[in-house]
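A short worksheet on the structure shown next.
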Amino acid sequence: MHRHVKLFQHHLAPTSPEPMMLHVARAKGSYLVDIHNRRYIDLISGISVGALGHGHPAVANAIRRQLRRHLHVMVYGEFVQAPQVQLAERLLAYSPPEINCVYFVNSGSEATELAMKLAKRVTARPHIAAFGQAYHGSTQGALSLIGSPCFQEAFRPLIPGVRHLKYNDLSELAKIDRTVAAVFVEAIQAEAGCRIGSVEFFQALQARCRETGALLVVDACQTGMGRTGTFWGYESSGIQPDIILSAKALGGGLPLGAVLAARDLLKELSHRPALGHITTFGGHPLSCTAGLATLKVIEKEGLVQEAIRKETIVRHFPWPPEVREIQGRGLLLALHLPLGTNAPHLSRLAQEAGVITDWFLFRSDCLRIAPPLNIPDKILMKGLKILAQVIQKETHNQYKMEKGI
Ligand code: PMP
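In the numbering used here, the protein residues as written are 560 to 964.
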């Protein structure tokens, strides 16, 4: 066994009983290469991070240039740093006009934490609403919003005052009242197998928030940066959030999160008390540089539209009948397999066959398709073909086992 594998097993804390264990040597474009020089087609982009795949030259060059200028110089919010202001300006161009200010943090979880604090601070209300099967991060505040009793039970006591509503269910919206500071929602619930709320649901949600004064927080950490065929992922529902959360692809492969809101709201964190939220590395110049370079390529190469075009390729692919349904939008898709399917097992078989896919936190019967937005059609088709063969072969094997053949 390679020394690094042994060290991984002994010294790195595990997050799951059976890690994927791909021993990465390098990564380029839509391929990962292991230390045995084996290539794998990356159909998940490090869980919706690598919008441009791996090692895009525009991003690498921008990072190199910034490396020569400066790295960390001060905690967030004090010094004027070109990468931060340029990225903020560009991101805000994609947001509703009322949203004119960005607070950069390090991750999606921290963005959630900040938004929870902000909502309580500006409304002085005690409750927060979130939805079943939602995922907003793993820190204590974000975990309090998670739509899974099993995750919550393990880590009690969590933050009090969280109301969980059924997603996409209009009758639940009455639970949003004048004591609710904010409602956190994903336009596409990625970890629920890419479930999409209806336009009607989102419109009613927005109306209820306006009526009660609750802030509408859209978590676009996974759907954003064009992955779902619009910039943030909520646009097709016609709503206007008060706060947008971003992370994952935002940093172009480096850690970065952001909370976007009206300056009038965000400035509340700067007084009573001053420094109401502080972060040492939030908005790191390298991360903002990589994010900005990524955004420029997304724009130049029309990758938001590409996400839609490639969704069609995935949907029209001749899948075996075991793929019952494909949910999601753009290049954030879930192959829904028969209930009871062991998708983690399938995903291991796919890895052996040279394709990286994954399952979802709340759906272990679905496989994840979230390749780089710029994946060439040919590589995408090749990856889908291998995946289809794995699904078909494994289901056939299972059938034989069940029949004792
Ligand atoms: N929100 C959503 C919708 C996410 O998908 C994730 C990450 N899977 C997060 C928040 C948390 O982001 P991070 O892992 O960067 O803390």
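Idealized CB from N, CA, C, for every residue including glycine.
In chain order, what residues of the same chain have a beta carbon less than 8 angstroms from the beta carbon of residue i, not counting five sequence neighbours either side?
i: Leu898; result: Asp924
i: Leu581; result: Leu591, Asp593, Tyr599, Gln910, Ile915
i: Met784; result: Ala610, Phe790, Ser805, Lys807, Ala808, Leu809, Thr853, Leu854, Ile857
i: His904; result: Glu953
i: Leu651; result: Ile658, Asn659, Cys660, Val661, Leu819
i: Ile945; result: Ile600, Ala909, Ala912, Gly913, Val914
Give the DSSP-derived three-state secondary structure of residue i in the structure shown.
i: Gln765; result: helix
i: Gln640; result: coil
i: His830; result: coil
i: Val632; result: coil
i: Ser707; result: coil
i: Ala652; result: coil
i: Val608; result: coil
i: Ala693; result: coil
i: Ile803; result: strand
i: Gly588; result: strand
i: Leu724; result: strand
i: Phe743; result: strand
i: Gln951; result: helix
i: Arg754; result: strand
i: Ile875; result: Sequence inspection shows His at residue 875; the Ile mentioned does not correspond to that position. If DSSP states are grouped into helix, strand and coil, His875 belongs with the helices.
Apply the 10 Å Cβ neighbour rule to residue i and answer buried if 16 or more other Cβ atoms are within range, or exposed otherwise.
i: Arg888; result: buried
i: Arg786; result: buried
i: Arg597; result: exposed
i: Gly667; result: buried
i: Asp801; result: buried
i: Asn620; result: exposed
i: Asp778; result: buried
i: Gly752; result: buried
i: Val882; result: buried
i: Val776; result: buried
i: Cys709; result: exposed
i: His695; result: buried
What first and last residue would you give for the beta strand (DSSP E) that runs through residue i?
i: Asp601; result: 598 to 601
i: Cys925; result: 925 to 928
i: Gly887; result: 884 to 888
i: Cys660; result: 660 to 664
i: His895; result: 891 to 895
i: Gly816; result: 816 to 820
i: Leu775; result: 774 to 778
Which residues in the same chain have their Cβ closer than 7 angstroms to the Cβ of residue i, if we skip the five residues on either side of it in sequence?
i: Val873; result: Ile885, Leu892, Ile928, Leu943
i: Gly614; result: Ala586, Lys587
i: Val758; result: Ser796, Gly797
i: Leu673; result: Tyr662, Val664, Val818, His836
i: Leu630; result: Pro844, Leu845
i: Leu717; result: Gln699, Leu702, Ser703, Gln711
Output needed for residue i: all residues of its chain with C-beta closer than 6 angstroms, excluding positions within five of it in sequence on either side, in chain order.
i: Val592; result: Ala584, Arg585, Arg598
i: Thr838; result: Tyr635, Val664
i: Leu646; result: Cys847, Gly850, Leu851
i: Ala617; result: Ala852, Val856
i: Phe876; result: Leu943
i: Gly841; result: Tyr635, Phe663, Val664, Asn665
State the start and end residues of the unbroken alpha helix (DSSP H) segment that holds residue i.
i: Leu566; result: 562 to 570
i: Leu854; result: 844 to 859
>> Using only Cβ atoms and a threshold of 5 angstroms, which residues come within that distance of a heavy atom of the ligand PMP? Order them by chain position.
In response: Ser666, Gly667, Ser668, His695, Gly696, Asp778, Cys780, Gln781, Ala806
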